[in-house]
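One structure is given below, encoded as structure tokens.
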Amino acid sequence: MIVLETHLPGKRGFFQKLKPHLEGLGFHIAGKNNKREGCFDGILTSQGGKRLYLSLPYQVIQEEHDQPSVQIEFGRPLIIKHAVHSDLNSFQQNDWKLAGEQAVQQIINHIDNNL
């Protein structure tokens with residue numbers, strides 16, 4: 044797991060506006076059905092049996108996800124590795140950290156410009 048240093052933590056947006064945009068970028072809501080927090084996960088890269096996921100955790104500021112006025116606040120984004128046969132030495136942290144930070148910056152730009 045790599046914790047990314049970005050400007051995403053603390054960014055807020057309306058759940059119903061963010062969800063379609065993030066789904067269009069290949070993200071989906073992951074984890075348990077929790078009304079207070081969750082995360083959007085998307086595949087950053089996939090090669091062979093290895094996948095790197097970009098995870099965008101968030102917390103709900105209000106109770107219900109399906110209300111148009113509900114806002115979420117993002118936490119620190121993460122890169123999570125999933126591999127059938129994990130070899131941590133072959134995991135190029137700096138290269139993927141940069142790729143993850145660039146992907147997050149695109150999402151921040153969308154939030155800042157459209158929401």
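Numbering of the sequence shown is given in our numbering, commencing with residue 44 and proceeding in unit increments.
By construction, the Cβ of each residue, glycine as well, lies at the ideal position given by its N, Cα and C atoms.
(1) Pick helix, strand or coil for residue 102, following the three-state DSSP scheme.
(2) Could you check the C-alpha separation between residue 121 and residue 46 for me, to the nearest Å?
(3) On the criterion of 16 or more Cβ atoms from any shown chain inside 10 Å, does residue 81 qualify as buried, or is it exposed?
(4) Please report the residue range of the alpha helix (DSSP H) in which residue 50 lies.
(5) Residue 54 to residue 117, Cα distance in whole Å?
(6) Roughly how many whole angstroms lie between the Cα atoms of residue 64 and residue 124?
(7) Within 10 angstroms of its Cβ, does residue 112 collect 16 or more other Cβ (buried), or is it exposed?
(8) For a quick check, are the C-beta atoms of residue 78 and residue 103 less than 8 Å apart?
The structure says:
(1) strand
(2) 5 Å
(3) Buried, by the Cβ-count rule.
(4) Per DSSP, residue 50 lies in no alpha helix (DSSP H) segment and is marked neither H nor E.
(5) Across the structure, residue 54 and residue 117 are spaced so that their CA atoms are roughly 6 Å apart.
(6) 24 Å
(7) exposed
(8) yes
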